[in-house]
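Numbering-wise (my numbering), the sequence shown opens with residue 6 and increments by one.
Even glycine gets a Cβ: it sits at the ideal position worked out from N, Cα and C.
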Amino acid sequence: MEKRLKKSRYITGFDGIRSIAVIGVILYHLLPDQLQGGYLGVPVFFVVSGYLITDLMVQEWQQNGKIKIKQFYYRRMKRLYPALVAMMIGASAYITLFQRNLLNNLRGNVVSSLLYYNNWWQIKHGLSYFDRFAGESPFTHIWSLAVESQYYLFLPWVFIILMKLVKNKGKIFIGFSVAAFISAILMALMYTPGQDPTRAYYGTDTRMFSILLGVALAFVWPSTRLKTQIPAQAKKILNGVGLGSLVILVLSFFFLSDKLTFIYYGGMYLLSLVSVILVAITAHPGASLNRWLTNPVFTWIGKRSYGIYLYQFPVMIFYEAKVHVANHVLLNTVVEILLILFVTELSYRFIEKPLRYFDYRNTLNRLQAWILAPWKSKQKMAFIAAWLVTVIALVGIVISPTNHVTADQRALQEKIAQNQKVVAQKEKTANQKTASSEATSESKTMANKYHLTDREIAKAKNLKLTAFGDSVLLDAADGLNAIFPQADIDGEVGRQLVASPELLQKLKAEGKLHNTVLLALGTNGSFTEDEFAQVMKVLGSKRDVYVVNVYVPTRRWQNEVNTTLAAMSKKYDNVKLIDWYDLSKNQPSWFYEDQVHPNPTGSIYYCSLVSKAILKGR
């Protein structure tokens, strides 16, 4: 068993901080509209980790005059690696057996995760932390473990150099604080408003400010040298500031959306500073915050916070691929939380805790004992089961393709790409169709294909329409373009309503925002009434606005989007709802395998529904 450093104390309140952080992260993924700032639990983890690791190093240096680097790495590996390996093996085996569509790039994901460069691997492959529709993976969240581990690879060496050359802890504190500020500036420089912020969000260079702030704190706030007895007024001030920082942190989980530019222009840095204050006062034995953050629930969650964070994505991704969560969001959320806690508890009891204190010098003897154990013994059964799962996982990792797409996925991608090209290069001419016989023949074909009358076809050809939306609109762009030849179609994969007002304003300035507007948004995430109001501020009250609701059965925001759109159609006199959800919800044959984008058959029904709604009464 590991020997603790002399005078080292376990700060139970840190389990409370970890609990709050991991609850924020989990609920951010499960209920993103209710806890839109829960992702800020990650910088809280970084600050706590940076402080604790460095505080132990400071104690070791003061006690022994040196840092045993080999032991430092050994302790970190024993603490973090067993659960990570178990998760990777278990998830890979499950994918191999039950969800083979996730085999694509499995090998790259596993290798980059086990070698702790997954954040850069995701950046290189253009994966997005914020694309909750197409880009989710059971290993998306490993980016943060990679950032932390990359930093700790160099920390002991930097620590030794600074302690030998600089020595003054005040100067070292300033140095780490300046480095943290530079990292925050890099985040701001890497971030471009209106574009996916994943590079700024994932980068080790742009995210290490939280860890650096925790490291800096440890040099001027050593946990073993803080006084237990302090004046009553000082205790009152510490408790007040500590509670204030805790309240700010919790409120940020509810109100600081990842869509806010403020987050990348210093907001996350400021929240990290708030976390530093919370950590500092929790660590102080003279304050009451440590005691207030200590209770059986927080202790249980805090000790398992690493496992909870580790297993959250595999459980959510695997569960939501099999269950249509949209119709019972609360029930499915509870089920997913229980599954995450159950898997975490199994890992904690049978993997993390035993292997943390496992004597690896006797590995060969243990392995021999397992092999020679009686066939009916629990030891032998566990050994066989573990190796069977491992072999299945290895098979999946070996056979996994790289950047592979199925025929269904390729068909959708090619269709969207083709429609994007047509929309981008489209040049309207007054004499597009000069031969009346050709026009008549085409009209009859259009009428039959899209179930439109001759009168509707004639109206559609003369209607100037602006169609604005996401990939579902792009999927149907060829049909809409054929029905409405004078339409200006603007679609983008991954587009969300929150980013739309500026884009619509640009169309308006270019003269492409016509009196009839079709909005097809909501596939990639929900939005508030206030955000919709910003769109309507650009569109005004004179235009006829048609909004198409969504069919996204495997995403929890489906019903919320549709409820909001229905409410907006009642709130604004010029907004009319087109109910694609009701028409398509019982028609699985209309969709590609993602269950969201209409296939050629579904596209016909989509275009027919939309065009009939727009042409009605004209």
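Exercise for the section: Could you tell me whether the stretch 60-74 touches the stretch 207-227, where touching means 3 or more Cβ pairs closer than 8 Å? Expected result: yes
Handout entry: Spatial neighbours of M195 in its chain, beta-carbon cut-off 7 Å, leaving aside the 5 residues before and after
Key = Reading the sequence shown from its first residue, position 190 is the one you call residue 195. Here the set comprises R204, A205, G208 and T211.
Exercise for the section: Please list, in chain order, all residues of the same chain as L587 whose beta carbon is under 6 Å from its beta carbon, the five residues on each side excluded. Expected result: One-based indexing of the sequence shown puts residue 587 at position 582. What sits at residue 587 in the sequence shown is Asp, not Leu. Correct list: empty, nothing qualifies.
Handout entry: T3, DSSP secondary structure in three states
Key = Residue 3 lies beyond the range of the chain shown here (6 to 623); nothing can be said about it.
Problem - Run of the alpha helix (DSSP H) containing V220, from where it starts to where it stops - result: Position 215 of the sequence shown, counted from the first residue, corresponds to residue 220. It spans F214 to V225 - the alpha helix (DSSP H) in which V220 sits, taken as one unbroken run.
Exercise for the section: Following the continuous alpha helix (DSSP H) through G175, name the residue where it begins and the one where it ends. Expected result: The count along the sequence shown starts at 1 and reaches residue 175 at position 170. Per DSSP, G175 belongs to the alpha helix (DSSP H) from K174 to M195.
Handout entry: Nonlocal neighbours in the same chain, by C-beta distance under 6 Å from H146, ignoring five residues either side
Key = As a first step, residue 146 must be located in the sequence shown, where it is residue number 141. Closer than 6 Å at Cβ, skipping near neighbours: F318.
Problem - Distance, L40 Cα to N567 Cα - result: Your numbering for residue 567 matches position 562 in the sequence shown. Your numbering for residue 40 matches position 35 in the sequence shown. Separation of N567 and L40 (C-alpha to C-alpha, rounded to the nearest whole angstrom) is 20 Å.
Handout entry: Classification of Y121 by the beta-carbon crowding that lies within 10 angstroms, buried from 16 upward
Key = Stepping through the sequence shown from its first residue, residue 121 is reached at position 116. A residue is called buried when at least 16 other Cβ atoms come within 10 angstroms of its Cβ; Y121 meets this threshold and is buried.
Exercise for the section: Could you spell out the range, first to last residue, of the alpha helix (DSSP H) harbouring T521? Expected result: In the sequence shown, counting from the first residue as 1, residue 521 sits at position 516. Premise fails: T521 lies in the beta strand (DSSP E), T521 to A525, not in any alpha helix (DSSP H).
Exercise for the section: Just confirm the distance between the C-beta atoms of Y551 and L523, as a whole number of angstroms; I'd bet it's less than 8 Å. Expected result: Walking along the sequence shown from the start, residue 551 turns up at place 546. Walking along the sequence shown from the start, residue 523 turns up at place 518. That pair is a contact at about 5 Å.
Problem - CA nearest to the CA of S118, picked from P143, V328 and E497 - result: Against the sequence shown, residue 118 aligns to sequence position 113. Residue P143 is the option with its Cα nearest to S118.
Practice task
Using the Cα positions of V115 and S589, report the straight-line distance between them to the nearest angstrom.
Solution key: Against the sequence shown, residue 115 aligns to sequence position 110. Against the sequence shown, residue 589 aligns to sequence position 584. One C-alpha to the other measures close to 37 Å.
Practice task
Would you kindly report the start and end of the unbroken beta strand (DSSP E) that includes K590?
Solution key: Taking the first residue of the sequence shown as 1, we reach residue 590 at position 585. Where K590 is concerned, there is no enclosing beta strand (DSSP E), given that its DSSP letter is neither H nor E.
Practice task
Within the same chain, show all residues whose beta-carbon is closer than 6 Å to that of I25, passing over the 5 residues directly before and after it, in chain order.
Solution key: Looking up residue 25 in the sequence shown gives position 20. Cβ within range, chain order: n/a, list empty.
Handout entry: Those residues which DSSP pairs with Y551 across a bridge
Key = By one-based count along the sequence shown, residue 551 stands at place 546. Y551 pairs with L523 and K581.
Handout entry: I31 beta carbon less than 8 Å from that of I322
Key = Here residue 322 is taken as the residue at index 317 of the sequence shown, counted from 1. Here residue 31 is taken as the residue at index 26 of the sequence shown, counted from 1. No, the Cβ-Cβ distance between I322 and I31 is not below 8 Å.
Handout entry: Buried versus exposed, by CB contacts within 10 Å (16 or more), F77
Key = For the purposes of this step, residue 77 is taken as residue 72 along the sequence shown, with counting starting at 1. By the 16-neighbour rule on beta-carbons within 10 angstroms, F77 is buried.
Exercise for the section: With distances taken Cα to Cα, identify the nearest neighbour of W390 among I376, I58 and G219. Expected result: Numbered from its first residue, the sequence shown carries residue 390 at position 385. Checking the sequence shown, residue 390 turns out to be Ala, not Trp. Checked all of I376, I58 and G219; the closest Cα to A390 is I376.
Problem - Per-residue DSSP class, three states only, for G29 - result: If you number the sequence shown from 1, residue 29 lands on position 24. Helix at G29.
Problem - At least three beta-carbon pairs within less than 8 Å, the stretch 107-114 to the stretch 378-388 - result: no
Practice task
Report buried or exposed for L336, applying the criterion of at least 16 other Cβ atoms within 10 angstroms of its Cβ.
Solution key: The sequence position of residue 336 within the sequence shown is 331, counting from 1. It is exposed - the Cβ of L336 has fewer than 16 other Cβ atoms within 10 Å.
Handout entry: Option nearest G474 by Cα separation, candidates V553, E461 and I402
Key = Counting from one through the sequence shown, the residue named residue 474 turns up at place 469. The candidate whose alpha carbon is nearest that of G474 is V553.
Handout entry: is_contact[W380, chain E] using C-beta, thresh 8 Å
Key = No chain E appears in this structure, which consists of one protein chain only.
Handout entry: Beta-carbon spacing of G307, F19 below 8 Å
Key = Walking along the sequence shown from the start, residue 307 turns up at place 302. Walking along the sequence shown from the start, residue 19 turns up at place 14. In this structure, F19 lies closer than 8 Å to G307 by Cβ.
Practice task
Check whether the Cβ atoms of F596 and M573 sit closer than 8 Å, and answer yes or no.
Solution key: Here residue 596 refers to the residue found at position 591 of the sequence shown. Here residue 573 refers to the residue found at position 568 of the sequence shown. No, they are not a contact pair.
Problem - Delimiting residues of the alpha helix (DSSP H) encompassing G113 - result: Here the question's residue 113 lines up with position 108 in the sequence shown. Here the alpha helix (DSSP H) through G113 covers L111 to L119.
Handout entry: DSSP three-state assignment for G655, whether helix, strand or coil
Key = This structure does not reach residue 655, given that the chain is present from 6 up to 623, and the question cannot be answered.
Exercise for the section: Look at the alpha carbon of K581 and the alpha carbon of L243, and state the distance between them as a whole number of angstroms. Expected result: Taking the first residue of the sequence shown as 1, we reach residue 581 at position 576. Taking the first residue of the sequence shown as 1, we reach residue 243 at position 238. Between K581 and L243, the C-alpha separation is close to 56 Å.
Handout entry: Within 8 Å, strictly: CB atoms of S257 and L278
Key = Taking the first residue of the sequence shown as position 1, residue 257 is located at position 252. Taking the first residue of the sequence shown as position 1, residue 278 is located at position 273. Contact: no.
Problem - V624 classed as buried or exposed, judged by whether at least 16 other C-beta atoms fall within 10 angstroms - result: The structure shown does not extend to residue 624, since the chain is modelled only from 6 through 623, so no value can be given for it.
Exercise for the section: Take the Cβ of R354 as the centre, count every other Cβ of all protein chains shown within 10 Å, and call the residue buried at 16 or more, exposed below. Expected result: Here residue 354 corresponds to residue number 349 of the sequence shown, with the count starting at 1. The residue in question, R354, is exposed, as its Cβ has fewer than 16 Cβ neighbours within 10 Å.
Problem - Nonlocal neighbours in the same chain, by C-beta distance under 6 Å from S280, ignoring five residues either side - result: The residue given as residue 280 occupies position 275 in the sequence shown. These residues qualify, in order along the chain: V49 and V52.
Exercise for the section: Grab me the residues of P593's own chain with a C-beta within less than 8 Å of its C-beta, minus the 5 sequence neighbours each way, in chain order. Expected result: To locate residue 593, count along the sequence shown from 1; it is residue 588. So the list reads Q600, once near-sequence residues are dropped.
Handout entry: Buried or exposed (CB count within 10 angstroms, at least 16 for buried), K241
Key = Within the sequence shown, the letter at position 236 stands for residue 241. Exposed, by the Cβ-count rule.
Handout entry: Through-space distance from T528 to D495, alpha-carbon basis
Key = Working through the sequence shown from its first residue, we reach residue 495 at position 490. Working through the sequence shown from its first residue, we reach residue 528 at position 523. The straight-line gap from Cα to Cα measures roughly 15 Å.
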